[in-house]
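Visitor: Pasting a structure below so you can have a look.
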Amino acid sequence: MPMETTFLFIKPDAVQRGLAGNIIARIEAKGLTIVGTKMVQVSPELAKAHYAEHAERSFFPTLLAFVTSSPVIALAVRGVNAISVCRNLIGATNGQKAAPGTIRGDLGMSAGNNLIHGSDSPEAAAKELALWFKAGEIQPYDRTINNWVYDPSDL
Ligand code: IDP
Ligand code: MG
Numbered sequence: 001m002p003m004e005t006t007f008l009f010i011k012p013d014a015v016q017r018g019l020a021g022n023i024i025a026r027i028e029a030k031g032l033t034i035v036g037t038k039m040v041q042v043s044p045e046l047a048k049a050h051y052a053e054h055a056e057r058s059f060f061p062t063l064l065a066f067v068t069s070s071p072v073i074a075l076a077v078r079g080v081n082a083i084s085v086c087r088n089l090i091g092a093t094n095g096q097k098a099a100p101g102t103i104r105g106d107l108g109m110s111a112g113n114n115l116i117h118g119s120d121s122p123e124a125a126a127k128e129l130a131l132w133f134k135a136g137e138i139q140p141y142d143r144t145i146n147n148w149v150y151d152p153s154d155l
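Residue numbers (this note's numbering): 1 to 155.
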């Protein structure tokens with residue numbers, strides 16, 4: 001199966017608001033497989049490495065303070081085209097503009113406190129999975145229900 005694995009983390013606002021279950025339920029119900037998960041208190045070093053591409057942005061200090069403010073839930077998520085499927089499930093960056101039906105569109109009102117991160121390319125997914133998970137923390141299994149989630153032409 002031409003499966004991809006992407007990296008997501010449920011941000012401190014969603015964990016504090018008690019929305020982690022709602023978000024994980026959407027990912028599972030979509031037909032994606034959670035193949036790795038753990039709660040992480042993000043260090044300043046991990047935050048800086050994860051968001052390195054945004055180091056020059058005006059919101060960078062606020063972003064670092066936010067992601068290190070309270071624990072997050074890291075997720076490795078597997079499925080056909082999982083990277084773009086998850087980005088679509090998450091929605092636009094600002095919850096006020098994100099489409100209804102998306103996680104941010106349904107659950108958030110902010111550009112910064114926007115509930116969840118998702119890798120935006122295969123290169124980012126590879127970098128972020130390696131940054132957040134150690135060897136052996138991801139179990140790349142296929143759910144037996146995949147025969148009902150996908151038809152042969154999807155694969
Ligand atoms: P993305 O998470 O939708 O890919 P990016 O542009 O990659 O959005 O920005 C990374 C993160 O930085 C966002 O998820 C959000 O938490 C924060 N951020 C982005 N733009 C703003 C902003 O205009 N104000 C405050 N925080 C922002
Ligand atoms: Mg991004």
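Each residue gets a CB set at the ideal place from its N, CA and C atoms; glycine is no exception.
The model shown is predicted, which means the values in this text are computed figures rather than measured ones.
#1: Hey, which unbroken runs of the beta strand (DSSP E) at 3 residues or more fall wholly within the region 61-149?
#2: Compute the beta-carbon to beta-carbon distance between Leu89 and Arg26, rounded to the nearest angstrom, for a pair I have assumed lies under 8 Å.
#3: Could you give the residue range of the beta strand (DSSP E) that holds Gly36?
#4: In chain order, what residues of the same chain have a beta carbon less than 7 Å from the beta carbon of Leu8, not counting five sequence neighbours either side?
#5: Measure the C-alpha to C-alpha separation of Glu128 and Ser70 and round it to an integer number of angstroms.
#6: Could you say if the region 96-104 and the region 42-62 meet the contact criterion of at least three C-beta pairs nearer than 8 Å?
#7: List the endpoints of the continuous alpha helix (DSSP H) containing Leu46.
#8: Determine the direct distance from the alpha carbon of Thr6 to that of Ala126, and round the result to whole angstroms.
#9: If you reduce the DSSP assignment to three classes, tell me which class Glu53 lands in.
#10: Among Gly95, Ala124, Ile10, which has the Cα closest to the Cα of Met109?
#11: Flag Thr93 as yes when its Cβ comes closer than 6 Å to any non-hydrogen atom of the ligand IDP, and as no otherwise.
Guide: The structure says:
#1: 72-80, 116-118
#2: 6 Å
#3: 33-40
#4: Leu75, Val77, Cys86, Ile116, His117, Gly118
#5: 20 Å
#6: no
#7: Per DSSP, Leu46 belongs to the alpha helix (DSSP H) from 44-50.
#8: Straight across, the Cα-Cα distance linking Ala126 with Thr6 is about 8 Å.
#9: helix
#10: For the options Gly95, Ala124, Ile10, the alpha carbon positioned closest to that of Met109 is the one of Gly95.
#11: Checking the Cβ of Thr93 against the ligand IDP gives yes.
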